[in-house]
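Visitor:
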Amino acid sequence: MALLELDDVSVHYGRIQAIHDMSIHVEEGEIVSLIGANGAGKTTTMRAVAGLLGLSGGSITFDGDDISRTKAHLRVVRGISLTPEGRGIFPSMTVLENLDMGAYARKDKSSMSADFDRVFDLFPRLKERQKQSGGTMSGGEQQMLAIGRALMAHPKLLLLDEPSMGLAPQFIRQIFRIIKEVNQQGTTVLLVEQNANQALKLANRAYILETGRITREGSGAELAADDSVKAAYLGG
Ligand code: ATP
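Number 419 in this note's numbering belongs to position 206 of the sequence shown; there are no gaps in the numbering.
Now the structure itself:
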């Protein structure tokens, strides 16, 4: 049984259909990447999985239950945590306060200090800057904070929407290394990226999304070696 399964999912914005009959699955322990150009529907997919957008067709199953109509905050409680595009940290709050906000939905507060430790082990920079306000940190540090905040909910499934966007190359490498580490620690990852090169390298499996439709599926290595994928997404 897949941890996450989208079955014939459609999403509309008013009369515009952004996602067409999408079927994808993410197995427990995997990193799955969803690759697509600007406007392909990557963010829409993530928001639908997180419960921030309703479906106009199809269903979403998580951990064996149909969550298609489950409210967003209850999906967090069930174990789905989103790091949104553009990070969405609280700029006037400190690093520590931002991380605390990520833990709001958890029932088990007793293991919270272990999660603080985990986040600070993954991101020593955040530990050094606990008292600094989020908005004064660099783009890369804010991305780390956004991922750290999502991890404070102790998710089974981490949704990452373009974590490398707008970052300098050294931060991009670091973010991808950390995603791998988070996954090795037992968190399943669904990653949306325009940076197809890195995202395919990292992924167990990947899907190509074009104008709201899945057009290809395969292992990361398979798709990275494919000529048409190379031409469209890997700079030829
Ligand atoms: P990007 O990388 O630019 O964020 P994306 O792959 O995440 O692209 P989406 O943001 O999911 O793409 O957008 C998918 C389609 O839905 C696009 O055609 C977009 O114009 C449209 N769309 C997105 N948000 C809205 C909205 N609030 N109202 C109407 N149309 C929207």
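Think of the CB as a built atom: it goes at the ideal place given N, C-alpha and C, for glycine as much as any other residue.
Going by DSSP, which residues form a beta bridge with T274?
Guide: For T274, which the question treats as bridged, DSSP gives the partners E218, D279.
Visitor: Hey, could you find the ends of the beta strand (DSSP E) M235 is sitting in?
Guide: Note, M235: beta strand (DSSP E), 229-239.
Visitor: Relative to the alpha-carbon of Q398, which residue among D334, G270, G301 has its alpha-carbon at the smallest distance?
Guide: Checking every option, the nearest Cα to that of Q398 belongs to D334.
Visitor: Confirm the yes/no value for this check: CB of N410, any heavy atom of the ligand ATP, distance under 7 Å.
Guide: Checking the Cβ of N410 against the ligand ATP gives no.
Visitor: What's the gap between the Cα of Y420 and the Cα of L447?
Guide: The alpha-carbon atoms of Y420 and L447 are separated by roughly 14 Å.
Visitor: Once DSSP output is grouped into helix, strand and coil, what is the label at D328?
Guide: Reduced to three states, the DSSP call for D328 is helix.
Visitor: Quick check on G431: does DSSP put it in helix, strand or coil?
Guide: Of the three classes helix, strand and coil, the one that applies to G431 here is strand, per DSSP.
Visitor: Would DSSP call S323 helix, strand or coil?
Guide: S323 falls in the helix class under three-state DSSP.
Visitor: Which value, in whole angstroms, describes the spacing of the CA atoms of S294 and D220?
Guide: Near 20 Å, if we compare the C-alpha coordinates of D220 and S294.
Visitor: Assess contact between the stretch 271-287 and the stretch 216-232, defined as three or more Cβ pairs (one per stretch) separated by less than 8 Å. Is contact present?
Guide: They touch, by the three-pair rule.
Visitor: Counting only runs that start and end within the stretch 340-398, where is the beta strand (DSSP E) found for 3 or more residues in a row?
Guide: Those beta strand (DSSP E) runs which fall completely within the stretch 340-398 and span 3+ residues are 370-374.
Visitor: Here's a check: name, in chain order, each residue in its chain whose Cβ is nearer than 6 Å to the Cβ of I244, leaving out the five neighbours to either side.
Guide: Once the five neighbours on either side are set aside, the close Cβ partners of I244 are N396, V402, L415, A416, N417.
Visitor: Consider the C-beta atom of Y446 and the heavy atoms of the ligand ATP; say whether any pair is separated by less than 7 Å.
Guide: No.
Visitor: Quick check: K344 and D276, are their CB atoms within less than 8 Å of each other?
Guide: No.
Visitor: Taking the alpha carbon of M378 as the reference point, which residue from E218, A215, G425, A250 has its own alpha carbon closest?
Guide: For M378, the nearest C-alpha among the options comes from A250.
Visitor: Please state whether DSSP places A419 in a helix, a strand or coil.
Guide: Three-state result, A419: strand.
Visitor: Output the distance between the C-alpha atoms of G254 and L422, rounded to the nearest integer angstrom.
Guide: Each residue's alpha carbon lies about 7 Å from the other.
Visitor: Look at the Cβ atom of G347, then the Cβ atom of F303, and state whether they are nearer than 8 Å.
Guide: Yes, they are a contact pair.
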